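Engineer: What follows is a structure written as structure tokens; I'll ask about it next.
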Amino acid sequence: MDMRVAISENDDGTVELYFVGIEHWDDFDLILGLLQQENNCTILSNQEMIYMRKAELELNRVTFELRYDDLLGNFLYTKDNRIIPLLEQLAERVIESIKQKLRAKGITL
């Protein structure tokens, strides 16, 4: 099972960090919970639309978004490329936590 972070820097300066292997609608809740419970992120807003979900989060006075798009999957989104290292670290922590939970259930990765 391939789980990793993939980064996309867009022409408009925004950055998206994709959760490869954790791409489904229901995975959004798992990722959001891990960001909040294990990484001390505060949820500022959480919206659910027809084909998209979006939560605005804050950590250490830095705001960013967790988004789900039915074509793109789950990803962290920012307009501030200075916080890319922080978001990469958060994404890697989430993926490692999921892997540990799967291993604890005896699932081989």
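First residue of the sequence shown: 1, per this note's numbering; consecutive thereafter.
For every residue, glycine included, the Cβ atom is placed at its ideal position computed from N, Cα and C.
Quantities reported herein were computed from a predicted structural model and do not represent experimental measurements.
#1: Assuming V5 contacts F19 (C-beta within less than 8 Å), just tell me the rounded distance between them.
#2: Go through its chain and collect everything with a Cβ distance to E58's Cβ below 6 Å, but skip five positions before and after it.
#3: Just to confirm, are E65 and Y77 a CB contact at a threshold of 8 Å?
#4: Give me whichever residues DSSP pairs with Q47 in a beta bridge.
#5: By the DSSP assignment, the alpha helix (DSSP H) with I107 in it spans what residues?
#6: Tell me whether the beta-carbon of F75 lies closer than 8 Å to the beta-carbon of R82.
#7: Please report the residue range of the beta strand (DSSP E) in which D69 lies.
#8: Less than 8 Å between C-beta atoms, sequence neighbours within five positions excluded: which residues of the same chain meet that for L90?
#9: What separation, rounded to the nearest whole angstrom, lies between the Cα atoms of Q47 and K105?
#10: Would you kindly work out how many angstroms separate the C-alpha atoms of H24 and L32, rounded to a whole number?
#11: Can you tell me whether L109 is buried or exposed, with buried defined as 16 or more other CB within 10 angstroms of its CB?
Structural biologist: Looking at the coordinates:
#1: As a working mapping, residue 5 is identified with position 5 in the sequence shown. As a working mapping, residue 19 is identified with position 19 in the sequence shown. With a Cβ gap of about 7 Å, V5 and F19 count as contacting.
#2: Here residue 58 refers to the residue found at position 58 when the sequence shown is read from its first residue. Exclusion of the five residues before and after E58 leaves T42 and L44 as the residues of its chain whose Cβ lies within less than 6 Å of its Cβ.
#3: Counting from one through the sequence shown, the residue named residue 65 turns up at place 65. Counting from one through the sequence shown, the residue named residue 77 turns up at place 77. Taking 8 Å as the Cβ cut-off, E65 and Y77 qualify as a contacting pair.
#4: Taking the sequence shown and counting its residues from 1, one reaches residue 47 at position 47. In the DSSP secondary-structure assignment, Q47 is bridged to K54.
#5: Here residue 107 is taken as the residue at index 107 of the sequence shown, counted from 1. If you look at I107, you'll find it isn't in any alpha helix (DSSP H); DSSP assigns it neither H nor E.
#6: Translated into positions along the sequence shown, residue 75 becomes position 75. Translated into positions along the sequence shown, residue 82 becomes position 82. Not a contact, by the Cβ cut-off of 8 Å.
#7: For this step, residue 69 is matched to residue 69 along the sequence shown. It spans V62 to D69 - the beta strand (DSSP E) in which D69 sits, taken as one unbroken run.
#8: Numbered from 1 along the sequence shown, position 90 holds the residue referred to as residue 90. So the qualifying residues of the chain are L35, N39, C41, L59 and L76.
#9: By 1-based counting over the sequence shown, the position of residue 47 is 47. By 1-based counting over the sequence shown, the position of residue 105 is 105. If you take the alpha carbons of Q47 and K105, they lie about 31 Å apart.
#10: Stepping through the sequence shown from its first residue, residue 24 is reached at position 24. Stepping through the sequence shown from its first residue, residue 32 is reached at position 32. Each residue's Cα considered, the two are about 13 Å apart.
#11: In the sequence shown, the residue the question calls residue 109 occupies position 109. It is exposed - the Cβ of L109 has fewer than 16 other Cβ atoms within 10 Å.
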